[in-house]
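Numbering (the working numbering), first residue to last: 51 to 308.
Report on one structure; see the data block that follows.
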């Protein structure tokens, strides 16, 4: 399942570039997204080392790496950053990541951090073209201490990193969430265990609710659209998770329906 345009009007595109197949990195599927405005492009969470050749092949269907004006890393995990050393070799794009991860990323075998931009805790605006900017939105402790989301105000798409991620059933190729209650079993445990706390969830939901969102595009699994966007936000805002569920050292008390 690859190259699904979520928005394609005029000179602006937002594309689900590639959904890597299970087993490629002995992990869950990961989504990579490409945004294009005219001749300028940016990629979000380009993925681990194992998927890099396929992601590049899909990118080349739309543009070349020399056109990339930015690479965004939502956080520090290897399924996001593992292939970044290769991307640094084929593009001159700056790489945006939370400032708290700059001292850790050299452990991925990076020879220089000169092209990395540390995103401040409050977020920032990234100008990709004279008439177009992306907004880097804080999403701290969900699940990473320094996670950033990327909001495209033209496409009205929020790239949400691990927020909204799903563990889809084996063999499922559904790219979108249209029935949120039916999708809930795919996301419930992940969010209860990987997200820090309900307070962090509420702060994030309240912040992004001010944005005009048609799609929530997570790094794993299906993409929320239509009514499922508001259904997910309402559910996540009330979810006890992480430290809310700790019942002792190494012990969690998950709700009985999980």
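Virtual Cβ for every residue (Gly too), placed ideally from N, Cα, C.
Sequence-distant residues of the same chain with beta carbon closer than 7 angstroms to residue i, five excluded per side
{"i": "residue 61", "result": "87 and 88"}
{"i": "residue 131", "result": "123, 155 and 158"}
Distance, residue j Cα to residue i Cα
{"i": "residue 280", "j": "residue 291", "result": "19 angstroms"}
Boundaries (first-last residue) of the beta strand (DSSP E) holding residue i
{"i": "residue 185", "result": "182-188"}
{"i": "residue 87", "result": "81-87"}
{"i": "residue 118", "result": "118-122"}
{"i": "residue 167", "result": "166-169"}
{"i": "residue 145", "result": "145-148"}
Assumed close pair residue i, residue j - CB separation to whole angstroms, cut-off 8 angstroms
{"i": "residue 273", "j": "residue 266", "result": "7 angstroms"}
{"i": "residue 157", "j": "residue 211", "result": "The pair is not a contact, with the Cβ atoms about 20 angstroms apart (cut-off 8 angstroms)."}
{"i": "residue 190", "j": "residue 175", "result": "With a Cβ gap of about 18 angstroms, residue 190 and residue 175 do not count as contacting."}
{"i": "residue 129", "j": "residue 98", "result": "5 angstroms"}
{"i": "residue 215", "j": "residue 269", "result": "6 angstroms"}
Own chain residues within Cβ distance below 6 angstroms of residue i, not counting five before or after
{"i": "residue 148", "result": "169, 196 and 198"}
{"i": "residue 141", "result": "115 and 118"}
{"i": "residue 102", "result": "133 and 136"}
{"i": "residue 227", "result": "233, 272, 274 and 278"}
Bridge partner(s) assigned by DSSP for residue i
{"i": "residue 177", "result": "183"}
{"i": "residue 274", "result": "227 and 266"}
{"i": "residue 107", "result": "Partner(s): none; residue 107 has no beta bridge."}
{"i": "residue 57", "result": "64"}
{"i": "residue 98", "result": "Looking at the DSSP assignment, residue 98 forms no beta bridge with any residue, so it has no partner."}
{"i": "residue 92", "result": "85 and 120"}
{"i": "residue 201", "result": "185 and 208"}
{"i": "residue 289", "result": "In the DSSP output, where bridge partners are listed per residue, residue 289 has none listed."}
{"i": "residue 302", "result": "296"}
Any C-beta of chain D under 8 angstroms from that of residue i
{"i": "residue 204", "result": "No chain D is present in this structure, which holds just one protein chain."}
Span of the alpha helix (DSSP H), counted from its first residue to its last, around residue i
{"i": "residue 248", "result": "248-258"}
Own chain, CB closer than 8 angstroms to residue i, minus 5 neighbours either side, in chain order
{"i": "residue 293", "result": "246 and 247"}
{"i": "residue 259", "result": "283"}
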